[in-house]
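My numbering numbers the first residue of the sequence shown as 7 and each following residue consecutively. Note that beta-carbon positions come from the ideal geometry of N, C-alpha and C, so glycine has one too. Keep in mind the model is a prediction, meaning the values are calculated, not measured. Let me begin by presenting the structure, written as structure tokens, before commenting on it.
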Amino acid sequence: MAEDFGVVNTSSLVVLKLPKPVDPASLPDTRMTKSKAEKYLRSHVSGEEIEIVESLQLSGRNFLARINALAGKIDRLRSEIDLGYNRLSRLRREINILLRHDHDAFVDEALAGVPSELNEVDAKRLTSMHVRFFRLFAAIGKLKERRRGIYRTIAGLKKSWFGYVSNIRMRLAQKYDAMVVSEKLDYVTIPIDDVGYKGRTFNP
């Protein structure tokens, strides 16, 4: 049974019936690269009669569409989180100015040591900004938890879909007592500016 793993079509399976058993000694080096494998296949054509017993193609379009929709939600949450952190940074600066602290100093949850020289307006403004700071900080935490939840959903979808594909492959192999021949894939991160980048969905 031969398998071709792809992006849009997750798995293409073909069960072949050979006229005689495969001699392991006749098999090519299984560690060859993609280019070497392609060259080998183009130059080695079997002269034997090979019967196609069954073929199956498992489309991953719905799976990819669902992943893409969830990735869009992550992007929107990331934007909200970034905006929230920008607002936090501005509030921290204003709070530290009134507290006579370094502009990048951490803001304590307990507001203490308010400078006595602050007038009533600035003192109220400081208190208000301090409350807003930690309210915003908590809101950002909730957004990040929602984002983690979506990541967990994506992980579950991947496990479910690829598990389903694996079970189909196994059942076919058991049905025909077949040996499975498939390419070994390595997943690598592709930079956004790389010519091989195919979008967020295809480069998770």
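Neighbour-count burial assignment, Phe-139, 16 or more Cβ in a 10 Å radius: Using a 10 angstroms sphere on the CB of Phe-139, the tally of other CB atoms reaches 16 or more, which defines it as buried.
Phe-11: first and last residue of the uninterrupted beta strand (DSSP E) it sits in: 8 to 11 is the extent of the beta strand (DSSP E) around Phe-11.
Separation of Leu-64 from Ala-249, as counted between CA atoms: Residue 249 is absent from the structure shown; the chain starts at 7 and stops at 210.
Element boundaries [beta strand (DSSP E), containing Asn-15]: 15 to 23 is the span of the beta strand (DSSP E), which, as asked, contains Asn-15.
Simplified DSSP state of Leu-124, which is helix, strand or coil: Residue state for Leu-124 is assigned as coil, using DSSP reduced to three classes.
4 or more residues per run - each alpha helix (DSSP H) lying fully within the region 27 to 89: Correct list: 40 to 49.
Euclidean distance between Cα positions of Ile-103 and Asp-128: When rounded, the distance between both Cα atoms is 11 angstroms.
Beta-carbon separation (whole angstroms), Arg-175 vs Ser-17, contact threshold 8 angstroms: Your pair Arg-175 and Ser-17 checks out as a contact, with CB atoms roughly 7 angstroms apart and the cut at 8 angstroms.
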